[in-house]
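Undergrad: Quick note on numbering: my numbering labels position 89 of the sequence shown as 203, and the sequence is numbered without any gaps.
Positions of the beta carbon are idealized from the N, C-alpha and C atoms, including for glycine.
This one's a predicted model, so the numbers in the text were calculated from it and none came from an experiment.
Please see the structure below; I have some questions.
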Amino acid sequence: VALAAFAAAPMARESGLKIGIQATKLAIAGFVVPFMAVYTPALMLQDAGPIAASFGYPVEVAYIVVKACMGIVLWGAAAVGFRARRRAWWGRLGAFAAGVLLVGALPLTDEAGWALAL
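Structure (structure tokens):
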């Protein structure tokens, strides 16, 4: 991310560090996807979760994809400080905490993450 930002900095007539920090803020949500793939096998389309045992494999995959998208949106909102409107520091902290809880693969962290997200 930063290599392209440093290459674009002279064209924007801005410092490379400032552009690199902004680029990292925008890409930070993408850094969490590999961790979700490790914690949640259904994201890699592997049948191994507790939801699949109760409701079936397609339901688990749909739930995990929705959870991953919500976690990415929340991490992005925490990094940038904006989701539908400007967020205060406590709103950003809450969005970050909800995103972290949604990344976890435990049902308790899912419930807490969804409660914080709403």
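Could you say if the segment 135-142 and the segment 190-208 meet the contact criterion of at least three C-beta pairs nearer than 8 Å?
TA: Segments in contact, yes.
Undergrad: In three-state DSSP terms, what is Arg201?
TA: Arg201: coil per DSSP, three-state reduction.
Undergrad: Could you check if Asp189 is buried or exposed, using at least 16 other CB atoms within 10 Å of its CB as the buried criterion?
TA: According to the sequence shown, residue 189 is Trp rather than Asp. Under this definition Trp189 is a buried residue.
Undergrad: Applying the 10 Å Cβ sphere with the 16-neighbour rule, what's the burial state of Ala229?
TA: Flag for Ala229 reads exposed.
Undergrad: Note down the Cα distance separating Ile186 from Pro124, rounded to an integer number of angstroms.
TA: Cα to Cα, the separation comes out at about 30 Å.
Undergrad: Beta-carbon separation of Val175 and Ala156 under 8 Å?
TA: For Val175 and Ala156, yes; Cβs fall inside 8 Å.
Undergrad: Tell me the rounded alpha-carbon separation between Phe210 and Gly170.
TA: About 30 Å.
Undergrad: Leaving out five residues before and five after Gly134 in sequence, what residues of the same chain have Cβ atoms less than 7 Å from its Cβ?
TA: Ala116, Ala119, Phe120, listed in sequence order.
Undergrad: Look at Tyr153 and Val217 and say whether their C-beta atoms are less than 8 Å apart.
TA: Cβ atoms of Tyr153 and Val217: closer than 8 Å.
Undergrad: Excluding the 5 residues flanking Leu159 on each side, which residues of the same chain have their C-beta closer than 7 Å to its C-beta?
TA: Same-chain partners within the cutoff: Val175.
Undergrad: Tell me the residue span of the alpha helix (DSSP H) that contains Gln136.
TA: Note, Gln136: alpha helix (DSSP H), 130-141.
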